[in-house]
């Protein structure tokens, strides 16, 4: 998952290298996120047909090839194309929750989902910290050479760490053809509208994350703030806190329920967005809303996934497809909005996006909580 986030701290370096502006460089993460949504829509349903282990190995190897192409790109067009294909191949992290849920007791689903989320957070942390430091002292292309090597090591390791396809349960229906899996998405969504609602909430939560970190990648190295690129990477160390807090809060979500937990955490996000505006000119004070966002954001995602993973195993991967497609569509939109807003209004433009997303997520989370309460009554 780290591969999508190397660009965040080095966005200024990459823009300077290809001699383009903030709005143009925003196309790279935007197309990456949209391609990820498209890839998940057409590739993730294969998880209900084929073994997740096989799919994870294939898609991880293809990611390594895309990263090498980004490292050696001679033009912005080639770099953007490779990043876009990389997005479409970044399916593996979203096969893992369904893989784990089929091997996890229902009462431990929140804890296991939170642990997987913590692993994703570690990847994002290492991506942002490592990319910023490496770009500052060695060069931004080296980031992608190293990422390619790490993906090849991961492919080798996963061959031994992941088990094959779990045997079907006695009452589990036989796998459907691929075409039927795709066609079945529409009736499944109609039957389980909570998947769409959870996806929209996560799209807003993820969009807030994108707006903040792309904004920081442009704001901190600006003439107004005057920090070097590696400072953006060091700031990402705050994500280390979420690696500890997310598994613990995942157990809390198990106790209070995902809808209630998500509603409470979106209130924290609204407060964090407001503080981003108040503290925008102080690196030290910015740590406060960044930490709030870092702690609350992943658990909102965990809560959203739990509303899907508690359903019957045969439909989880397809409903997770809907959830993740909506999430990354929101991320693609936010990537374009974030860099364009910074070019027009500076840091305050990014904060305005974050506040709008947080308030809308709170409204939808409150609606989801009320709907769940009525359903249980």
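Residue numbers (the working numbering): 6 to 382. Ideal Cβ placement from N, Cα and C applies to all residues, glycine included.
- Measuring C-alpha to C-alpha distances from residue 215 to each of 38, 21, 17 identifies 38 as the nearest.
- A Cβ-Cβ contact shorter than 8 Å links residue 159 with residue 65.
- Residue state for residue 229 is assigned as coil, using DSSP reduced to three classes.
- Comparing C-alpha distances from residue 320 to each of 10, 16, 51 shows the shortest one belongs to 51.
- Shortest Cα-Cα distance from residue 204 to any of 334, 151, 224 involves 334.
- A residue is called buried once 16 or more other Cβ atoms fall within 10 Å of its Cβ, and residue 34 is buried on that count.
- Per DSSP, residue 96 is not a residue of any alpha helix (DSSP H), being assigned neither H nor E.
- Between residue 223 and residue 27, the C-beta gap is smaller than 8 Å, which places the two residues in contact.
- When DSSP states are grouped into helix, strand and coil, residue 301 belongs to the helix group.
- Annotated three-state conformation of residue 190 is helix, per DSSP.
- Of the candidates 301, 44, 259, 301 places its Cα closest to the Cα of residue 273.
- Straight-line measurement puts the Cα of residue 40 at about 11 Å from the Cα of residue 85.
- Of all alpha-carbon atoms in 375, 68, 359, the one lying nearest the alpha-carbon of residue 213 is that of 359.
- Sequence-distant partners of residue 16 (beyond 5 residues in either direction) whose C-beta falls short of 7 Å from its own C-beta, in its chain, are 30, 219, 222, 223.
- Excluding its 5 nearest sequence neighbours in each direction, residue 329 has C-beta neighbours in its own chain below 6 Å: 45, 99, listed in chain order.
- The residue from 149, 191, 184, 152 with its alpha-carbon nearest to that of residue 327 is 191.
- In the assembly as shown, residue 256 is an exposed residue. Its beta-carbon has fewer than 16 other beta-carbons within 10 Å.
- When rounded, the separation of the alpha-carbon atoms in residue 304 and residue 140 is 30 Å.
- Cβ-Cβ distances below 6 Å link residue 295 to 243 in the same chain, with the five nearest sequence neighbours on each side left out; the list follows chain order.
- In this structure residue 128 is in contact with residue 7, their Cβ atoms being roughly 4 Å apart against a cut-off of 8 Å.
- For the pair residue 151 and residue 69, the CB atoms are not nearer than the 8 Å cut-off.
- Shown here, residue 182 sits in coil according to DSSP, grouped into three states, outside any helix or strand.
- Under the three-state reduction of DSSP, residue 264 is assigned to helix.
- Short of 6 Å from the beta carbon of residue 202, and not among the five residues preceding or following it, lie these beta carbons of its own chain, in chain order: 373.
- One Cα belongs to residue 230, the other to residue 144, and the distance between them is close to 22 Å.
- Around residue 208, the same chain offers 331, 332, 335 as residues with beta carbons nearer than 6 Å, after the five sequence neighbours per side are excluded.
- With fewer than 16 other Cβ atoms from the protein chains shown falling within 10 Å of its own Cβ, residue 166 counts as exposed.
- Residue nearest to residue 95 within the set 77, 81, 307, 71 is 71 (criterion: CA-CA distance).
- Selection 81, 324, 357 evaluated against residue 283 yields 357 as nearest (Cα-Cα).
- Judged by DSSP in its simplified three-state form, residue 77 adopts coil rather than helix or strand.
- Counting the other CB atoms within 10 Å of its CB gives residue 12 a total of 16 or more, which places it among the buried residues.
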